[in-house]
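Here is the structure we will look at, set down as structure tokens.
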Amino acid sequence: MTTPPIVHESSPDTHHDVYSRTIFGFWVYLLTDFMVFATLFITYAVLHPNTFGGPSGKELFNLPFTLIQTLLLLTSSLTVGLGGVCAHRKLKKWTLFLFFITFLFGIGFMWMEVNEFTRLIEGGNSWQRNAFLSVYFTLVGTHGLHMLFALLWVIVLLIPVCYHGIKPNSVKRLTCLRMFWQFLNIVWVFIFSIVYLLGVA
Amino acid sequence: MIDPVHGWNVSFKPVIIGFVLSLLLILAAYFIVVEPVLAGWSLTFVIIGLGTLQALLQFVFFLHLGAESKPRWGLMIFLFMVLVILVIVLGSLWIMHNLDYHIMPTKGY
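Chains as they are written, first to last, in the working numbering: chain F, 1 to 201; chain B, 202 to 310.
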């Protein structure tokens, strides 16, 4: 060791390498997660006509309800994007505010999804009924599970920011969370188009 | 304000542009389905096309695809992901359709 380890907590440039490597690694993870969703989408595309005499998407889905859900998630994608910018500019209060708003939109989205799932199950249309419902619950449920983890992640990240302010490490973590959230919104775009819009059309 | 280190991450503008464009595309797709302007395969292709376009816009404006500097590893990995997904999706559709055609004689193709 010829050079002593120097830590500059205040300047983000010394973290540039760690920062960009982390973001790149997370980007690769997100793209592999897309492949997971692609296999679920193709399973849906193959199995969705097999309703075994049960109702199809046309009778089951409530399109205005899902439109509101979609707009909630899109707006949360906006607020998390703005929150990410504020985190880079080290605006602590705005970052906390925007990520908290994102969290509330996420809760609203999840509440609507749980509502829809209970409506389907109480109507006797659970995942056990036919291949269409199995694959529908698997696809939308996997997205919902990702959302649940994203919500937990928001709480875990906001507590240290609340107490210690925005450190270079927290910029990195908040950026990963922002990318994850926006990735989930992109997956939802396909769920909305393929499952809901084409299911009703 | 473009930071040489973090690129687009420090500007509000792309986020807002991406939001407005996505909103317009969502409403367009919704109205095409609710007021049945199209039917059959053309409707399917238009809806999937609008969805793919919206996803691409969100990749560019939210996740800053292609905004990085020269060795564009992020973009390359993205293109590889697109290739893998196309192989999975088109290959599965082709194989499953073929199976359906050959082993489900009751369907009467």
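Ideal Cβ positions, reconstructed from N, Cα and C, are used throughout, including at glycine.
Buried or exposed (CB count within 10 angstroms, at least 16 for buried), residue i
i	result
F:R119	exposed
F:K93	exposed
F:S10	Reliability fails at F:S10, whose pLDDT of 47 lies under 50, so the model's placement of it is uncertain and the value that follows must be treated cautiously. Under this definition F:S10 is an exposed residue.
F:G199	buried
F:V189	buried
F:S126	exposed
B:T253	exposed
F:Q128	exposed
F:G25	exposed
B:A230	buried
B:G275	buried
B:L225	exposed
F:L209	There is simply no residue 209 of chain F to check, as chain F begins at 1 and stops at 201 in what is shown.
8 Å Cβ cutoff, residue i in contact with chain B
i	result
F:Q182	yes
F:V200	yes
F:H88	yes
F:V70	As written in the sequence, residue 70 of chain F is Thr, which differs from the Val given in the question. Taking Cβ atoms only, chain B reaches closer than 8 Å to F:T70, which makes this a yes.
F:S76	no
F:F24	yes
F:S10	Since pLDDT at F:S10 reaches only 47, below the 50 mark, its modelled position is unreliable, and the value read off the structure follows with that caveat. It does not: the Cβ of F:S10 has no partner Cβ on chain B nearer than 8 Å.
F:A206	Because chain F spans 1 through 201 in this model, residue 206 of chain F falls outside it and cannot be assessed.
F:V18	no
F:L63	yes
F:F190	yes
F:V161	no
F:V114	no
F:L213	The structure shown has nothing for residue 213 of chain F, since chain F only spans 1 to 201.
Partners in chain F for residue i, counting only beta-carbon separations shorter than 7 Å
i	result
B:M282	L31, F34 and M35
B:A230	S193 and L197
B:V238	Near B:V238 there are no residues of chain F at all, since even the closest Cβ is about 11 Å away, more than 7 Å.
B:V261	Within 7 Å Cβ-Cβ: nothing; B:V261 doesn't reach chain F, min ~11 Å.
Short CB-CB distance (under 8 Å) between residue i and chain F
i	result
B:G267	no
B:M305	no
B:M277	no
B:W295	no
B:W242	no
B:S270	no
B:F246	no
B:I218	no
Residues that residue i contacts on chain F, provided the C-beta gap is smaller than 8 Å
i	result
B:I286	F34, M35 and A38
B:L224	L71 and L74
Beta-carbon neighbours of residue i, restricted to chain B and to distances below 8 Å
i	result
F:N185	Q259 and F263
Interface partners of residue i on chain B, CB under 9 Å
i	result
F:M110	None at all; the shortest Cβ gap to chain B is about 19 Å.
F:L174	What F:L174 touches in chain B: nothing, since even the nearest Cβ is about 10 Å away.
**Message:** At 4 residues or longer, what runs of the alpha helix (DSSP H) sit wholly inside the region 102 to 183 of chain F?
**Reply:** 131 to 164
Requested in this report: At 4 residues or longer, and completely inside the region 207 to 237 of chain B: list those alpha helix (DSSP H) runs for me, N to C.
Outcome: Considered as a whole, the region 207 to 237 of chain B harbours 214 to 235 as its complete alpha helix (DSSP H) runs of no fewer than 4 residues, in chain order.
query = What residues in the region 140 to 153 of chain F have a beta carbon less than 7 Å from any beta carbon of chain B?
reply = Within the region 140 to 153 of chain F, no residue qualifies.
field: Whole runs of the alpha helix (DSSP H) within the region 27 to 97 of chain F, excluding any shorter than 4 residues
entry: The region 27 to 97 of chain F is shown to contain whole alpha helix (DSSP H) runs of 4 or more residues at 57 to 60 and 63 to 88, in chain order.
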